[in-house]
Structures are given as C-alpha cells and as structure tokens.
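Here the structure comes first, spelled out in structure tokens, and everything after it is commentary.
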Amino acid sequence: MTSPTEEDARFASEQLATGCDTMVRLLNGLLDSKGRVAEEVHAIRKLGKSLRGGFSLFRLGKSSAKEIQVIGRLLSGPRDAVSRLSTWKKLAWEGDPGTTAAIYGLLEQQTHSAARRPPVETISWCVERVDAARNNLLELPVETLAARMEVGMEKLGKQVNKRCKKLEGRGEENFHDARKALKAYLGALGFLPEGAIPRDPTMVELTEVLGDENDLATLSHWLEEHGFTADFVPGLWKKLTESRKLLQKRTTLDAALWVAARKSQTGR
Numbered sequence: 001m002t003s004p005t006e007e008d009a010r011f012a013s014e015q016l017a018t019g020c021d022t023m024v025r026l027l028n029g030l031l032d033s034k035g036r037v038a039e040e041v042h043a044i045r046k047l048g049k050s051l052r053g054g055f056s057l058f059r060l061g062k063s064s065a066k067e068i069q070v071i072g073r074l075l076s077g078p079r080d081a082v083s084r085l086s087t088w089k090k091l092a093w094e095g096d097p098g099t100t101a102a103i104y105g106l107l108e109q110q111t112h113s114a115a116r117r118p119p120v121e122t123i124s125w126c127v128e129r130v131d132a133a134r135n136n137l138l139e140l141p142v143e144t145l146a147a148r149m150e151v152g153m154e155k156l157g158k159q160v161n162k163r164c165k166k167l168e169g170r171g172e173e174n175f176h177d178a179r180k181a182l183k184a185y186l187g188a189l190g191f192l193p194e195g196a197i198p199r200d201p202t203m204v205e206l207t208e209v210l211g212d213e214n215d216l217a218t219l220s221h222w223l224e225e226h227g228f229t230a231d232f233v234p235g236l237w238k239k240l241t242e243s244r245k246l247l248q249k250r251t252t253l254d255a256a257l258w259v260a261a262r263k264s265q266t267g268r
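For the sequence shown, position 192 matches number 192 in my numbering, and the numbering has no gaps at all.
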C-alpha cells in the first residue's frame with residue numbers, strides 16, 4: 001500500500017465508527033428473547049476481532065482495542081461451549097463407547113447451560129466499552145489520521161511477519177499468537193478502501209488452519225480439566241496429538257512460504 005491519503009484515513013475511520021454502531025446493535029440484540037445466543041455471540045466476537053484490528057490500524061491498540069477485547073472474553077462462554085462440541089464431532093474419535101458418551105454428554109450439557117442470555121447490566125457495561133473505544137477514535141485530530149494509519153498498517157504487517165517466523169519453534173503459544181496477529185491484520189484490511197491492499201489468500205487460509213489448531217488446543221485443555229487425561233484415555237490423546245501435529249506442520253510450512261514471499265517483496 002502506498003502512503004494513505006487523508007481521504008483514505010477518513011474512510012477507514014468512518015467505517016470503524018460504523019462497525020462500533022453495529023457492535024452496539026448486536027449487543028442490545030442479545031436482550032431479545034428471539035434468536036440463538038451462541039450464534040449471536042459468535043457474530044459479536046467475530047466483529048470484535050475485526051474492530052480490534054481496525055483500532056490498531058490507528059494505533060489505538062492499548063486503549064480502544066482492549067475495550068473491545070474484554071467484551072469478547074466476557075461473552076466467550078456460549079461460543080466456546082458450542083465450538084468445543086463441534087470440534088469433538090469433527091475429531092470423530094472412535095474409542096471406548098462409555099468414555100465417548102461421557103465426553104459428548106458433558107459437552108452437550110454445557111452448550112445448553114451456556115445458552116442463557118447475559119444480564120441487562122452486563123450488556124450495558126459492554127456497550128459502555130464500545131462507546132469508550134469509539135470516543136477514543138473520534139477524539140483523534142483529523143489531520144493525524146493518515147500518518148497514524150500508515151504507521152499502524154506497517155506495525156500490523158511486521159507483527160504478522162514476526163509471529164509467523166516464530167512458528168518454527170512449534171511452541172503452543174506461538175500458534176495462538178500468530179493467529180491473533182493474522183486476525184488483527186486481516187481485520188484492519190476490512191476497514192480500508194476497496195483494493196487498497198488485496199487480501200492474500202495464503203494469509204486467509206493460514207488463519208483458518210490456525211483456527212482449527214486452536215480449536216483442538218482448547219478442546220485438549222477442556223478434556224484435561226475435566227479428568228479425561230492421557231492416563232485414562234490414551235487413544236484419544238494419541239489422536240489429538242497427531243491431529244494437532246499435522247495442522248502445526250501445515251501452518252509452519254505455509255507461514256514460511258508467506259514470510260519468504262514478503263521478504264522478496266519488501267526486502268525484510
């Protein structure tokens with residue numbers, strides 16, 4: 001992307017503010033008795049990840065982005081429960097019927113327990129967080145937006161590059177950090193004028209595969225916390241480990257290719 005113009009910056013800022021309006025609408029929608037909580041929360045968290053990238057674009061990562069992040073964490077229960085059940089089904093482990101039934105039954109029960117709508121007070125607090133995030137953006141001097149946007153985009157790109165390089169170490173936290181960096185970068189792109197920076201298909205695919213690996217990691221932690229450890233269910237943990245290693249190998253190779261391509265384009 002060439003240096004953004006003031007028009008580009010105003011466009012991105014307006015889109016970001018509109019995204020905040022949408023977030024408020026979705027949050028208030030959680031108070032409606034119709035609809036499904038997990039799906040609504042998923043839409044809120046998905047938008048939230050994009051907004052965090054957008055705020056980082058304007059170098060508001062330590063203020064506005066954190067306001068949005070806390071909403072995602074606060075509302076994580078319903079979506080996480082559904083995601084764990086979905087991941088378990090996709091894993092398709094065929095082991096001891098009794099153990100399988102115990103795990104599935106508990107996972108399914110937790111999706112029902114998590115389907116309750118948040119209290120009005122909680123939603124009000126979340127809306128206040130969105131308002132605070134948007135106000136930080138609106139308070140920025142208009143003449144500084146383009147410069148902030150240029151620095152912010154460069155920083156987001158460097159962060160992705162740095163996190164992708166670290167995947168070679170295969171540390172569990174490295175995969176999580178790479179996914180967050182990619183989500184922020186791609187989220188920021190969504191607020192730019194159309195065609196300013198085309199989405200790299202490799203980055204999009206890498207984010208999706210990292211998401212699959214993260215889902216397996218989350219399920220693994222849940223299983224361990226609930227007593228279904230490798231000591232009791234070795235066959236299950238063998239399949240989990242093998243599945244994660246395949247995804248980790250794929251993401252490591254894809255990330256290395258992207259880093260090499262970026263280096264040839266930028267020289268760094």
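The beta carbon of each residue, even a glycine, is placed where N, CA and C say it ideally should be.
Contact test: residue i Cβ vs the ligand MG heavy atom, cutoff 6 Å
i: T241; result: The ligand MG is not part of the structure shown, which contains no ligands of any sort.
Cα-Cα separation, residue i to residue j
i: T87; j: A188; result: 28 Å
i: E39; j: P118; result: 14 Å
i: G195; j: E7; result: 14 Å
i: A114; j: E242; result: 30 Å
i: E168; j: G53; result: 25 Å
i: L140; j: R36; result: 37 Å
i: K155; j: E172; result: 23 Å
i: M153; j: P4; result: 10 Å
i: L137; j: T144; result: 11 Å
i: F175; j: T218; result: 12 Å
Beta-carbon proximity check, residue i vs residue j, cutoff 7 Å
i: L236; j: V209; result: no
i: P193; j: F11; result: yes
i: A9; j: A146; result: yes
i: P78; j: V41; result: yes
i: R199; j: A178; result: no
i: K165; j: V259; result: yes
i: F58; j: R148; result: yes
i: G48; j: G72; result: yes
i: L85; j: L107; result: yes
i: Q15; j: F228; result: no
i: L206; j: D254; result: yes
i: V204; j: A181; result: no
i: M133; j: I68; result: The sequence shown places Ala at residue 133, rather than the Met named in the question. In contact: A133 and I68 (Cβ atoms closer than 7 Å).
i: T99; j: V233; result: yes
Residues near residue i by beta carbon distance below 8 Å, same chain, minus five either side
i: A261; result: T202
i: V70; result: R129
i: T122; result: L74
i: K239; result: L91, W93
Close-in-space but distant-in-sequence residues of the same chain around residue i (CB under 7 Å, 5 per side omitted)
i: V24; result: V127, V130
i: Q110; result: A81
Close beta carbons around residue i, own chain, < 6 Å, minus the five adjacent residues each side
i: K183; result: K49
i: L27; result: I123, C126, V127
- Query: Does the pairing of the segment 85 to 99 with the segment 114 to 132 give three or more beta-carbon distances under 8 Å?
  - Reply: no
- Task: Mind the definition here: the segment 60 to 69 touches the segment 206 to 226 only if three or more C-beta pairs lie below 8 Å; say whether that holds.
- Result: no
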